[in-house]
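Chains as they are written, first to last, in numbering that gives the first Met the number 0: chain A, 0 to 306; chain B, 0 to 280.
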Amino acid sequence: MRNMFADKFYDLASEDARLCIVVADISPAGSIQKFREAYPERFVNTGVAEQVMIGMCAGMALRGLRPFAYTIATFALFRPFEMIRDDLCYHNLPVTVVGIGGGVTYSTLGGTHHAQEDIAIASALPNMSVIAPSDPAEAAAATQWCARENNGPAYLRLGKAGEPDLTSQSDEPWVFGKIRKIRGGESVAILAYGTITAQAVKLAQALGAAGRTAAVFSVHTLKPLEFSGLAQILKTYSHVVTIEEMAPMGGLASAVKSFAFDISARCRIDSFSLKDEFIHCYGSHADLLEAHGLGVKTMLEKLGAAR
Amino acid sequence: MTTTRSPNSLDIAAARLRCANFRRRILEISQQVSALHVAPAFSCLEIVDVIYHALMRRDAKGKLIDTFLMSKGHGCLSQYVILEAFGILNRSDLDDYCTPRGRLGAHPDYGTPGIAASTGSLGHGMGIATGMAHADKILGIDRRVFCVLSDGEMQEGSTWEAMMMAANLKLSNLISVLDMNDFQGLGRTSETHPAFYPIADKVSAFGFEAVAVNGHDASAIEEAFLGRRADRPLMIIGKTVKGRGVSYMENAPIWHYRSPNPEEYATALAEIERAENGAAL
Numbered sequence: 000m001r002n003m004f005a006d007k008f009y010d011l012a013s014e015d016a017r018l019c020i021v022v023a024d025i026s027p028a029g030s031i032q033k034f035r036e037a038y039p040e041r042f043v044n045t046g047v048a049e050q051v052m053i054g055m056c057a058g059m060a061l062r063g064l065r066p067f068a069y070t071i072a073t074f075a076l077f078r079p080f081e082m083i084r085d086d087l088c089y090h091n092l093p094v095t096v097v098g099i100g101g102g103v104t105y106s107t108l109g110g111t112h113h114a115q116e117d118i119a120i121a122s123a124l125p126n127m128s129v130i131a132p133s134d135p136a137e138a139a140a141a142t143q144w145c146a147r148e149n150n151g152p153a154y155l156r157l158g159k160a161g162e163p164d165l166t167s168q169s170d171e172p173w174v175f176g177k178i179r180k181i182r183g184g185e186s187v188a189i190l191a192y193g194t195i196t197a198q199a200v201k202l203a204q205a206l207g208a209a210g211r212t213a214a215v216f217s218v219h220t221l222k223p224l225e226f227s228g229l230a231q232i233l234k235t236y237s238h239v240v241t242i243e244e245m246a247p248m249g250g251l252a253s254a255v256k257s258f259a260f261d262i263s264a265r266c267r268i269d270s271f272s273l274k275d276e277f278i279h280c281y282g283s284h285a286d287l288l289e290a291h292g293l294g295v296k297t298m299l300e301k302l303g304a305a306r
Numbered sequence: 000m001t002t003t004r005s006p007n008s009l010d011i012a013a014a015r016l017r018c019a020n021f022r023r024r025i026l027e028i029s030q031q032v033s034a035l036h037v038a039p040a041f042s043c044l045e046i047v048d049v050i051y052h053a054l055m056r057r058d059a060k061g062k063l064i065d066t067f068l069m070s071k072g073h074g075c076l077s078q079y080v081i082l083e084a085f086g087i088l089n090r091s092d093l094d095d096y097c098t099p100r101g102r103l104g105a106h107p108d109y110g111t112p113g114i115a116a117s118t119g120s121l122g123h124g125m126g127i128a129t130g131m132a133h134a135d136k137i138l139g140i141d142r143r144v145f146c147v148l149s150d151g152e153m154q155e156g157s158t159w160e161a162m163m164m165a166a167n168l169k170l171s172n173l174i175s176v177l178d179m180n181d182f183q184g185l186g187r188t189s190e191t192h193p194a195f196y197p198i199a200d201k202v203s204a205f206g207f208e209a210v211a212v213n214g215h216d217a218s219a220i221e222e223a224f225l226g227r228r229a230d231r232p233l234m235i236i237g238k239t240v241k242g243r244g245v246s247y248m249e250n251a252p253i254w255h256y257r258s259p260n261p262e263e264y265a266t267a268l269a270e271i272e273r274a275e276n277g278a279a280l
């Protein structure tokens, strides 16, 4: 996703002189390095100083530019939080805050590097759009939307590298604010966003093998959430499952369950999320997800579909 | 070393008269609301006045080219009365200050005419000003950003992050003025934070040009600006008196937020008038 973001940003910024990138000592190589060499003034590295990364983006946007702030998700959102709230959201400025390695992607770096509450916190901010693409192609589409269409602040949660393609076979294009079906199925609907959508697809395959065909939806736009699309899903499927690499409160599970209550949906709903805990576990990304109870086998057992 | 001369020239007698009138207007507003930031506005009044009247440039139609940013948002009454005098804000805007029928609150709000950014939470102005100044360089626009800060917000790490970047980017179009009135929430800054001084040394160590002046002396502020090196960002450090102009408000923390009662109001007006007549003699 990181490289896809960099390539897409380079292409877009080569055509639009208003696009700038302000990084805090973390930057993708490749295309962003090329951008830096071609347009040195439009690439700013504030160093290990995230508050001024956001403050500068606000000042640049107030002058008509369209800046992207970029660093590891925890440092992009949590460290300069009040600048994001006051300087970007209160002013309603077109600045995209890119958080890489959302969730527990940085699986060997410990809790200081895990953005496990980011979606809930970003979603609570007025004017903020919250996007978490499910695969590299969605990351490119979301980057383009942020660069071209967006007129307010956005939080763009990305993974890191090596995410599989999940969406090229989908009949539906990526559209901001639209829930997107990326795999068909009849008896279960699985809703997910971000890199963990790959686990959702594996879970769907496993459910299929157990005789329960499962559709997978990419809920890449968490705010604004498409409630009309969600209503359709809650009415169509008798069993809905949410999976998210995020805290159990303030994310997709909370939104789906409260909305289901509002519309008196009759389907069964199961939700899987990160635990409400700082876990001290080091290993692969898959190891961390497993430790949080997000392994495919664990989820299958909870759904009563383990063989 | 280069100096850039402002097209406006400062008439000191006129500036004194203006500031006396602005103090009267702020006191007048204070009689309509129970609480407002009189003293923090009085401490930076000469600073804000000289920036608007002598340092900021105007285009052929008289429109301000340069940007003013009140990082110490609680001093905004000093800005409101000047914007009113310019006709950018209406008399009714100030009469309706802090009421539901009005549009002005106790901190500047983006979207209000003449207000370039919302402030109030301290430590945000310098970062925004740095972004604006860098954007103007990218865009190739000859425009300056004037940013007024308080000594309290110089304790915010974010202010120093921004100063580091402004100096790294050699933003000579960023002019900051520090309203050093030596007061913050829990007392005199020089007593609570003695290791904070001298501020000018720290500012210049961060790559700014730092010039210390009397912050109520409009000529000294203008000279510091005109004599600047113009190869790096500038901070004019103005030593000021909180509540300046009304004896019982000077250096008295309660006047950070309180409004004077009718008797105190009359005393304040009389003092401003006496000072005005004295200055005229």
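Cβ coordinates follow ideal geometry from the N, Cα and C atoms, glycine included.
Quick test of the definition: if touching needs 3 or more C-beta pairs under 8 Å, does the region 109-117 of chain A touch the region 214-232 of chain A? no
With a threshold of 9 Å between beta carbons, is residue 61 (chain A) in contact with chain B? Locating residue 61 (chain A) in the first sequence gives position 62, where the first residue counts as 1. At least one chain B Cβ lies under 9 Å of residue 61 (chain A).
Could you name each continuous beta strand (DSSP E) segment of 3 residues or more that falls completely within the region 93-154 of chain B, going from the start of the chain to the end? You should have 144-149.
8 Å CB neighbourhood of residue 167 (chain A) in its chain, flanking five on each side removed: Taking the first residue of the first sequence as position 1, residue 167 (chain A) is located at position 168. Within the same chain, residue 167 (chain A) has close Cβ partners 136.
DSSP state of residue 302 (chain A) mapped onto helix, strand, coil: Translated into positions along the first sequence, residue 302 (chain A) becomes position 303. DSSP places residue 302 (chain A) in coil when its eight states are reduced to three.
Thinking just about the alpha-carbon of each residue, which of A:160, A:170, A:98 is nearest to the one in residue 153 (chain A)? As a working mapping, residue 153 (chain A) is identified with position 154 in the first sequence. The residue with the shortest Cα to Cα distance from residue 153 (chain A) is A:98.
Looking at chain B, is there any beta carbon in it that lies within less than 9 Å of the beta carbon of residue 64 (chain A)? Within the first sequence, residue 64 (chain A) is the residue found at index 65, counting from 1. Interface residue, yes.
Kindly indicate the opening and closing residues of the alpha helix (DSSP H) around residue 22 (chain B). Your numbering for residue 22 (chain B) matches position 23 in the second sequence. For residue 22 (chain B), the enclosing alpha helix (DSSP H) begins and ends at 11-29.
Looking only at C-alpha atoms, which of B:244, B:208, B:20, B:273 sits nearest to residue 227 (chain B)? The residue given as residue 227 (chain B) occupies position 228 in the second sequence. Of the listed residues, the one whose Cα sits closest to residue 227 (chain B) is B:208.
When the distance is taken between beta carbons, is residue 198 (chain A) closer than 9 Å to residue 288 (chain A)? Taking the first sequence and counting its residues from 1, one reaches residue 288 (chain A) at position 289. Taking the first sequence and counting its residues from 1, one reaches residue 198 (chain A) at position 199. A contact, by the Cβ cut-off of 9 Å.
Assign residue 71 (chain A) to one of three DSSP states: helix, strand, or coil. On the first sequence, residue 71 (chain A) is found 72 positions in, with the first residue counted as 1. Residue 71 (chain A): strand per DSSP, three-state reduction.
Paired residues, beta bridge with residue 19 (chain A) - DSSP: On the first sequence, residue 19 (chain A) is found 20 positions in, with the first residue counted as 1. Paired residues: A:66.
Within 9 Å of chain B by C-beta, residues of the region 49-60 of chain A in sequence order: 49, 50, 51, 52, 53, 54, 55, 56, 57, 58, 59, 60
DSSP three-state label for residue 87 (chain B), please. Start at 1 with the first residue of the second sequence, and residue 87 (chain B) comes out as number 88. Three-state result, residue 87 (chain B): coil.
In whole angstroms, give me the CA-to-CA distance for residue 26 (chain B) and residue 144 (chain B). Sequence index remark: in the second sequence, residue 26 (chain B) carries index 27 (1-based). Sequence index remark: in the second sequence, residue 144 (chain B) carries index 145 (1-based). Each residue's alpha carbon lies about 29 Å from the other.
Assign residue 235 (chain A) to buried or exposed, taking buried as 16 or more other Cβ atoms, counted over all protein chains shown, within 10 Å of its Cβ. The residue labelled residue 235 (chain A) in the question sits at position 236 within the first sequence. Classification for residue 235 (chain A): exposed.
For residue 43 (chain A), which residues in chain B fall below 8 Å Cβ to Cβ? To locate residue 43 (chain A), count along the first sequence from 1; it is residue 44. Ordered by position in chain B, the residues that pass the 8 Å Cβ test against residue 43 (chain A) are 133, 164, 168.
Does the beta carbon of residue 74 (chain B) sit closer than 9 Å to a beta carbon anywhere in chain A? As a first step, residue 74 (chain B) must be located in the second sequence, where it is residue number 75. By this cut-off, residue 74 (chain B) is not an interface position.
Complete beta strand (DSSP E) runs within the region 96-171 of chain A (minimum length 3 residues, chain order): 128-130, 153-156
Which residues mark the beginning and the end of the beta strand (DSSP E) in which residue 208 (chain B) is found? Within the second sequence, residue 208 (chain B) is the residue found at index 209, counting from 1. 208-213 is the span of the beta strand (DSSP E), which, as asked, contains residue 208 (chain B).
Measure how close the beta-carbons of residue 96 (chain A) and residue 68 (chain A) come, nearest whole angstrom, since I'm counting them as under 8 Å. For the purposes of this step, residue 96 (chain A) is identified with residue 97 of the first sequence, where counting begins at 1. For the purposes of this step, residue 68 (chain A) is identified with residue 69 of the first sequence, where counting begins at 1. That pair is a contact at about 5 Å.
How is residue 272 (chain A) classed by DSSP in three states: helix, strand or coil? Working through the first sequence from its first residue, we reach residue 272 (chain A) at position 273. If DSSP states are grouped into helix, strand and coil, residue 272 (chain A) belongs with coil.
Proximity to residue 220 (chain A) [Cα-Cα], best of A:238, A:259, A:210, A:173: Here residue 220 (chain A) is taken as the residue at index 221 of the first sequence, counted from 1. Residue 220 (chain A) has its Cα closest to that of A:173, out of A:238, A:259, A:210, A:173.
Where residue 69 (chain B) falls: helix, strand or coil (DSSP): By 1-based counting over the second sequence, the position of residue 69 (chain B) is 70. Residue 69 (chain B): strand per DSSP, three-state reduction.
Rounded straight-line distance, which links the Cα of residue 155 (chain B) to that of residue 120 (chain B): By one-based count along the second sequence, residue 120 (chain B) stands at place 121. By one-based count along the second sequence, residue 155 (chain B) stands at place 156. Spanning the two alpha carbons is a distance of roughly 10 Å.
Quick check on the burial criterion: 16 or more other C-beta atoms within 10 angstroms. Buried or exposed for residue 17 (chain B)? Start at 1 with the first residue of the second sequence, and residue 17 (chain B) comes out as number 18. Residue 17 (chain B) should be labelled buried.
Count the other CB atoms within 10 Å of the CB of residue 140 (chain B); is the residue buried (16 or more) or exposed (fewer)? Here residue 140 (chain B) corresponds to residue number 141 of the second sequence, with the count starting at 1. It is exposed - the Cβ of residue 140 (chain B) has fewer than 16 other Cβ atoms within 10 Å.
What do you get for residue 114 (chain B), buried or exposed, if any count of 16 or more other CB atoms within 10 angstroms of its CB means buried? Counting from one through the second sequence, the residue named residue 114 (chain B) turns up at place 115. Buried, since its Cβ has 16 or more Cβ neighbours within 10 Å.
Taking DSSP as the reference, what is the three-state secondary structure of residue 4 (chain B)? Numbered from its first residue, the second sequence carries residue 4 (chain B) at position 5. Interpretation of residue 4 (chain B) is limited by its pLDDT of 47, a score under 50 that renders its predicted location unreliable; no figure is taken from the coordinates.
Tell me the DSSP bridge mates of residue 186 (chain B)? As a position in the second sequence, residue 186 (chain B) is number 187, starting the count at 1. Beta-bridge analysis with DSSP links residue 186 (chain B) to B:183.
Taking only three categories from DSSP, how would you classify residue 4 (chain A)? To locate residue 4 (chain A), count along the first sequence from 1; it is residue 5. Of the three classes helix, strand and coil, the one that applies to residue 4 (chain A) here is helix, per DSSP.
Check this for me: beta carbons of residue 239 (chain A) and residue 254 (chain A), under 9 Å apart or not? Counting from one through the first sequence, the residue named residue 239 (chain A) turns up at place 240. Counting from one through the first sequence, the residue named residue 254 (chain A) turns up at place 255. Not in contact: residue 239 (chain A) and residue 254 (chain A) (Cβ atoms no closer than 9 Å).
Taking Cβ positions only, does residue 82 (chain A) come closer than 9 Å to chain B? Against the first sequence, residue 82 (chain A) aligns to sequence position 83. It does; some Cβ of chain B falls within 9 Å.
Does the region 200-217 of chain B come close enough to the region 71-81 of chain A that 3 or more CB-CB pairs lie under 8 Å? no
Where residue 105 (chain A) falls, given that 16 or more other Cβ within 10 Å makes a residue buried: Residue 105 (chain A) sits at position 106 when you count from the first residue of the first sequence. Residue 105 (chain A) comes out buried.
Meets three-Cβ-pair contact criterion under 8 Å: the region 49-65 of chain B and the region 247-267 of chain B: no
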